[in-house]
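Read the sequence shown against the working numbering and you will find it ends at 1541, with the numbers running on by one and no gaps. The beta-carbon is built from N, C-alpha and C at its ideal position, and this holds for glycine as well.
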Amino acid sequence: MDLKYGISVLAIVAALGLASPAAYAASLDEALAQTYDTNPDLASARAGQRATDEEVPQALSNWRPEVEINVSYAVRQRDRDLTSGVSIDNTDQPQSISLNVTQNLFRGFRTVSDTERARNTVAAGRAGLIDTEQSILLQAVTAYVNLLRDRAILELRNNNVRVLEQQRQATQDRFDVGELTRTDVAQADSRLAQSVSDRTTAEGNVNTSAADYVEVIGSPPGDLVKPDLPVGLPASEADAIAEAKRNNPTIVEADFTERAARNSIDLVAGELLPTLRLAGEVEENKDVLGSDVETSEQSVTLSLTVPLYQSGDVYSRIREAKQTANQNMLQLAETERRAIELAQKGWSDLQSAQGRITSFQAEVRAQEVAYEGVQQEAQVGSRTVLDVLDAEQELLNARVGLVQVERDHVVAAYTLLSAIGRLTVQDLGLSVTVYDPHRNFEAVEDQLFGSDILDERN
């Protein structure tokens, strides 16, 4: 193998991340940490969860009284004609102020049902937030290794163009002295043109992958480092399935959603039960221009409302809630099946990628030996130019294939982590401040007054 070709191979090795990383290289962990801190889709999902948290204090508010003050002021003129024929004009300005307090004593257990429904909805949202986190982190992993792959392939394409340019010049020189035919030159020209075209395609792929990187991770890519496989991978397919059943956030989300749907049945059914309320009122009245009489009234009222028939509306909504609960129960079963399938597929893809890496590594070694041998044989005239070109192309294809399968290997590993619910910043051990969904919930759960919200960046 000539010196220039050897130098190119070292450049390829560096591009693949097998050499020492550059001084400011961004590791995959750093890219994932940045994604976790800055990705707007993830921040949006957190804000949505904080909005969902408010369903609990809204449900709990039915335990508390309603207090209101009513103030009225009027100008009233009355004309009266007496039997004597005398007309009397009477103008007064009645004023009143009242304080009303209403307290629910019994709502047919609807407050209990609504509170449980809200808590289960919040729990489902938290699981959904974990699923969103996993999805975005997997997008970041994919964007990272896609760019790493495409940069390595571009370097291979650049090297191939350089080698074919040398090959083409060598062919032309031998043609000029009569050792080769014009057909040999044409073959070298054709293969060089194809290589230049492939390099252009590779450049486009790098630009596309870089744009995806910026969109997901949030900054222009620098030097990238070939990542190792993540820790925490299951040891067997059976372990992967068991972990998926236990930790997959989509199963947890579907489970709590089904519970919330069953709470909704009790919530609607509570409308068929009696409602008991206690109301208190204090009222002050005064006529400032008329009789100037002040009156004061105080009352306490206990009211019981017993529903007898609501035109069938409540019964229809109970049936609707039951059907929705059944639907969610079936969706839970389907979610479990899908999670198991993803775990099985993830395990299969990981094992397949590992086996393919071994095969491509062996193929690259064999093609390197074959290419060097064909070059030497061509120098003594026992091989044609086309043989050399074919050997070089086969070596290039093997190296490109190895780069691609190494990318697939990493993506398969992180996809499997996602399937078993372990692709979170905590499981990955990233250096970030972990978002705590309980913080906002605890702040608003029993809040009685105020409309301020927590800093949305937290």
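Practice item. Answer with buried or exposed for Gly-1464, where buried requires no fewer than 16 other C-beta atoms within 10 angstroms of its C-beta. Key: Its Cβ having fewer than 16 others within 10 Å, Gly-1464 is exposed.
Check your understanding: Shortest alpha-carbon distance to Phe-1189 belongs to which of Ala-1206, Pro-1148, Thr-1204 and Leu-1472?
Key -> Each of Ala-1206, Pro-1148, Thr-1204 and Leu-1472 was checked against the Cα of Phe-1189, and the nearest Cα belongs to Pro-1148.
Practice item. Use the C-beta contact count for Glu-1525: other C-beta atoms within 10 angstroms, 16 or more gives buried, fewer gives exposed. Key: Exposed, because fewer than 16 other Cβ atoms sit within 10 Å of the Cβ of Glu-1525.
Exercise for review: State the Cα-Cα distance for the pair Asn-1330 and Ala-1323, rounded to the nearest angstrom.
Suggested key: Cα to Cα, Asn-1330 sits roughly 10 Å from Ala-1323.
Review point. Looking only at its own chain, which residues have a Cβ that is under 8 Å from the Cβ of Ser-1534, when we skip the five neighbours before and after it?
Key: Sequence-distant partners of Ser-1534 (beyond 5 residues in either direction) whose C-beta falls short of 8 Å from its own C-beta are missing from its chain.
Exercise for review: Evaluate Leu-1239 with the Cβ neighbour count: other Cβ atoms within 10 Å of its Cβ, from every protein chain shown; 16 or more gives buried, anything less gives exposed.
Suggested key: Buried: at least 16 other Cβ atoms inside 10 Å.
Exercise for review: Work out the CA separation of Asp-1311 and Ala-1276 for me, nearest whole Å.
Suggested key: Going by the C-alpha atoms only, they are around 37 Å apart.
Check your understanding: At least one CB of chain B closer than 8 Å to the CB of Ser-1196: is that the case?
Key -> Note that chain B does not occur in the displayed structure, where there is just one protein chain.
Point to revise | Cα-Cα separation, Gly-1208 to Glu-1364 | key: About 41 Å.
**Study point:** Buried versus exposed call for Ile-1503 [16 or more other C-beta atoms within 10 Å across all chains shown]
**Key:** With 16 or more other Cβ atoms within 10 Å, it is buried.
Exercise for review: Examine the Cβ distances between the stretch 1485-1493 and the stretch 1442-1461 and report whether three or more of them are shorter than 8 Å.
Suggested key: By the Cβ test, the stretch 1485-1493 is in contact with the stretch 1442-1461, since at least three Cβ pairs between them sit closer than 8 Å.
Review point. DSSP state of Gln-1160, grouped into three classes?
Key: In the structure shown, the three-state DSSP call for Gln-1160 is strand.
Review point. Who are the Cβ neighbours of Thr-1233 in its own chain at under 6 Å, not counting the five residues just before and after it?
Key: The amino acid occupying residue 1233 in the given sequence is Asp; Thr does not appear at that position. The beta carbon of Asp-1233 sits closer than 6 Å to those of Asn-1288, Val-1289 and Ser-1292, all from its chain and outside the five residues before and after it, given in chain order.
Review point. Residue range of the beta strand (DSSP E) that Arg-1360 falls in?
Key: Per DSSP, the continuous beta strand (DSSP E) segment holding Arg-1360 begins and ends at 1358-1370.
Check your understanding: Taking the C-alpha atoms as reference points, what is the distance between Lys-1040 and Ala-1130?
Key -> Outside the displayed span of the chain (1084 to 1541) sits residue 1040, for which this structure offers no information.
Review point. Can the beta-carbon of Gln-1186 be found closer than 8 Å to that of Arg-1360?
Key: In contact: Gln-1186 and Arg-1360 (Cβ atoms closer than 8 Å).
Review point. Straight-line CA distance for Ala-1105 to Gly-1305?
Key: With a pLDDT of only 37 at Ala-1105, under the threshold of 50, the placement of this residue in the model should not be trusted, and no figure is reported.
Exercise for review: Counting only the same chain and skipping the five closest in sequence on each side, list residues whose C-beta sits under 7 Å from that of Ser-1080.
Suggested key: This structure leaves residue 1080 out entirely; the chain is present only between 1084 and 1541.
Check your understanding: So, helix, strand or coil for Phe-1339, using DSSP?
Key -> Looking at Phe-1339 - three-state DSSP - the assignment turns out to be helix.
Review point. Can the beta-carbon of Asp-1587 be found closer than 8 Å to that of Thr-1498?
Key: Nothing about residue 1587 can be reported from this structure: the residues present for the chain run from 1084 to 1541 only.
Practice item. Please report the Cβ distance between Asp-1228 and Arg-1490, rounded to the nearest whole angstrom; I am assuming they are in contact, meaning their Cβ atoms lie under 8 Å. Key: It should be pointed out that residue 1228 corresponds to Val in this sequence rather than to Asp. Val-1228 to Arg-1490, Cβ: 5 Å. Contact.
**Study point:** Asn-1153 - DSSP class collapsed to helix/strand/coil
**Key:** Three-state DSSP puts Asn-1153 in a strand.
Check your understanding: Looking only at C-alpha atoms, which of Pro-1177, Leu-1230, Asn-1145 and Val-1351 sits nearest to Val-1308?
Key -> Residue nearest to Val-1308 within the set Pro-1177, Leu-1230, Asn-1145 and Val-1351 is Leu-1230 (criterion: CA-CA distance).
Check your understanding: Hey, would you say Ala-1495 sits closer than 8 Å to Ala-1426, going by beta carbons?
Key -> Not closer than 8 Å, so no.
Exercise for review: For Glu-1262, count neighbouring C-beta atoms within 10 Å of its own C-beta (all shown protein chains included) and say buried if the count is 16 or more, exposed if not.
Suggested key: Burial state of Glu-1262 is exposed, judged by a 10 Å Cβ sphere holding fewer than 16 other Cβ atoms.
Exercise for review: Taking all protein chains shown into account, decide if Ala-1114 is buried (16 or more other Cβ within 10 angstroms of its Cβ) or exposed.
Suggested key: By the neighbour-count rule (16 or more Cβ atoms within 10 Å), Ala-1114 is buried.
Review point. Which two residues bound the contiguous alpha helix (DSSP H) that contains Glu-1489?
Key: For Glu-1489, the uninterrupted alpha helix (DSSP H) run begins and ends at 1468-1502, by DSSP.
Point to revise | Three-state secondary structure (DSSP) of Ile-1348 | key: The three-state secondary structure of Ile-1348, taken from DSSP, is helix.
Review point. How many Å lie between Ile-1536 and Glu-1138 at the Cα?
Key: Annotation: Ile-1536 to Glu-1138 spans about 15 Å, alpha carbon to alpha carbon.
Review point. CB-CB under 7 Å to Tyr-1578, same chain, minus the five flanking residues each way: which ones, in chain order?
Key: An answer regarding residue 1578 cannot be provided, because it is not within the stretch 1084 to 1541 covered by the chain.
Check your understanding: Thinking C-alpha only, which one of Arg-1466, Gln-1462, Ser-1501 and Glu-1451 is nearest Glu-1477?
Key -> It is Glu-1451.
**Study point:** Unbroken alpha helix (DSSP H) run spanning Pro-1177, endpoints
**Key:** No alpha helix (DSSP H) holds Pro-1177; the beta strand (DSSP E) holding it covers 1177-1189.
Practice item. State the DSSP-derived secondary structure class of Glu-1137, mapped to helix, strand or coil. Key: Here Glu-1137 sits in coil by DSSP.
Practice item. For Tyr-1392, count neighbouring Cβ atoms within 10 angstroms of its own Cβ and tell me buried if that reaches 16, exposed if not. Key: For Tyr-1392, the number of other beta carbons within 10 angstroms of its own is below 16, and it is reported as exposed.
Check your understanding: Just how far apart, CA to CA, sit Ile-1348 and Asn-1409?
Key -> CA-to-CA, the gap between Ile-1348 and Asn-1409 works out to about 11 Å.
Practice item. Could you have a look at Ala-1126 and say whether DSSP puts it in helix, strand or coil? Key: Helix, per DSSP.
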